[in-house]
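S.K.: What follows is a structure written as structure tokens; I'll ask about it next.
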Amino acid sequence: MTSNNVPPEIEWHINYDSQKSESDAEYIDALIRLFSRKLGCRLDSILDVPCGNGRLHDFLRAYGYSVYGVDISKELISQARRAHPANDLEYSTGDMRDFSLDRKFDVCLSWFTSFGYFNDKDNIKVLRTARSHLKKDGIIIIDLSNGEITTEYFKANPKPVFIRERSDEYVSIERPYIEYENGVAYQVRNESIYRKRGRDLLFIKMQRLSRLRLYSRGDLEGQLAKAGFKVLRTFAGYSFKEFTESDKRMVVVASKK
Ligand SMILES: C[S@@+](CC[C@H](N)C(=O)[O-])C[C@H]1O[C@@H](n2cnc3c(N)ncnc32)[C@H](O)[C@@H]1O
């Protein structure tokens, strides 16, 4: 049990169904193969930061990639090690702004809204740290929500509420909102956990999920350029269609040089 007697599964964990992980990995493999052909080089090794519990790794390894995962959460890294005993040395805890491995990789993967957790100065540090772990022909792949669509959504729905049954015993209520700092929009996600008691809900605790810098395509491409990357393509996620402003997600591929 964790604080306030909330069982660990009620804390924020990455528990997507394995079908989504399999189809994500299939798309990532197709992307990497496309850029391997375009760039005329082999792209065999992947650094997945942040990797969560490594939900993509069995699938990516089955395609033949070597995969190394870094995440700040000790709990998620130990889950990843337990789930991948044959590769348990291929994981470490670290802060994506500032970690150092004595290896370089062909691909750095920032998957499923895993970039933009900080202000711009620190977000650029994340990109520079990723870049420092790439081989000379390496690429970075970033999968993010389109911040412009998110901002429009909040204009139309200023006070959204999401209620989720988390178990027979617990319910979470999330009221996300947008805040501005120095003219930059951030989406803040907190959730309150309640224990069911008859027809009532007993407040247990509030937990921070994320504070995410909302990127337009131009913002993200600009930050990649500042960090020394060259943007190769921006796709509508998860497709091979060129991104347009009306797409909900974007997948940006950029090279180290
Ligand atoms: C939305 S999850 C996505 C994880 C993974 N990319 C996936 O597709 O399942 C974001 C992850 O970022 C991790 N994280 C948050 N802040 C971090 C930091 N400063 N450094 C490294 N990981 C961080 C969290 O622990 C969480 O696992």
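Here the sequence shown is numbered in our numbering, starting from 275 and rising by one per residue.
Using N, Cα and C, we set each Cβ at its ideal position, and we do this for glycine too.
A quick note: this is a predicted structure, and the numbers were derived from the prediction, not measured.
Hey, would you say Leu350 sits closer than 7 Å to Ala299, going by beta carbons?
M.R.: It is not a contact, given that the beta carbons lie outside the stated cut-off.
S.K.: Classify Arg523 as helix, strand or coil using the three-state DSSP reduction.
M.R.: Of the three classes helix, strand and coil, the one that applies to Arg523 here is strand, per DSSP.
S.K.: For Thr425, name the three-state secondary structure that DSSP assigns.
M.R.: Here Thr425 sits in helix by DSSP.
S.K.: What do you reckon, are the CB atoms on Asp380 and Ser319 nearer than 7 Å?
M.R.: Yes, these two residues count as a Cβ contact at 7 Å.
S.K.: Need the endpoints of the beta strand (DSSP E) that Thr367 sits in, please.
M.R.: From DSSP, the beta strand (DSSP E) with Thr367 extends over 365 to 367.
S.K.: Give the C-beta separation of Asp411 and Cys315 to the nearest angstrom, bearing in mind that I take them to be a contact with Cβ-Cβ under 8 Å.
M.R.: With 8 Å as the limit, Asp411 and Cys315 qualify as a contact, their Cβ atoms being about 4 Å apart.
S.K.: Please state if the CB of Arg371 and the CB of Lys530 are separated by a distance shorter than 7 Å.
M.R.: For Lys530 and Arg371, no; Cβs fall outside 7 Å.
S.K.: Mapping the DSSP letters down to three states, classify Glu443 as helix, strand or coil.
M.R.: Of the three classes helix, strand and coil, the one that applies to Glu443 here is coil, per DSSP.
S.K.: If contacts are defined as beta-carbon pairs under 8 Å, then Asp303 and Tyr337 qualify, I think. What distance do you get, rounded to the angstrom?
M.R.: That belief holds up - the Cβ atoms of Asp303 and Tyr337 are roughly 5 Å apart, short of 8 Å.
S.K.: Identify which residue in Lys294, Tyr365, Gly421, Phe503 has its Cα closest to the Cα of Ala459.
M.R.: Comparing Cα-Cα distances from Ala459 to each of Lys294, Tyr365, Gly421, Phe503, the minimum goes to Gly421.
S.K.: For ligand 1, I want to know if Phe436 counts as a neighbour, meaning its beta carbon is within less than 6 Å of at least one of the ligand's heavy atoms.
M.R.: The answer is no for Phe436.
S.K.: Is Gly326 near ligand 1, judged by its Cβ being under 6 Å from some heavy atom?
M.R.: Yes; taking the cut-off as 6 Å, the Cβ of Gly326 has a heavy atom of ligand 1 nearer than that.
S.K.: Shortest alpha-carbon distance to Leu305 belongs to which of Ser292, Leu334, Asn327?
M.R.: The shortest C-alpha separation from Leu305 is found at Leu334.
S.K.: Are there 16 or more other CB atoms within 10 angstroms of the CB of Ser277, so buried, or fewer, so exposed?
M.R.: Model confidence at Ser277 stands at a pLDDT of 45, short of 50, so the residue's coordinates are unreliable; what they give is reported in the following sentence. That one is exposed.
S.K.: Which one of Tyr365, Lys433, Phe309, Tyr301 has the shortest CA to CA distance from Gly328?
M.R.: It is Tyr365.
S.K.: Keeping to the same chain, check which residues put their C-beta closer than 7 Å to that of Tyr290; ignore five residues upstream and five downstream.
M.R.: Closer than 7 Å at Cβ, skipping near neighbours: Arg329.
S.K.: Return the CA-CA distance between Ala510 and Asp417, expressed in angstroms with no decimal places.
M.R.: If I take the Cα positions, the gap works out to 10 Å.
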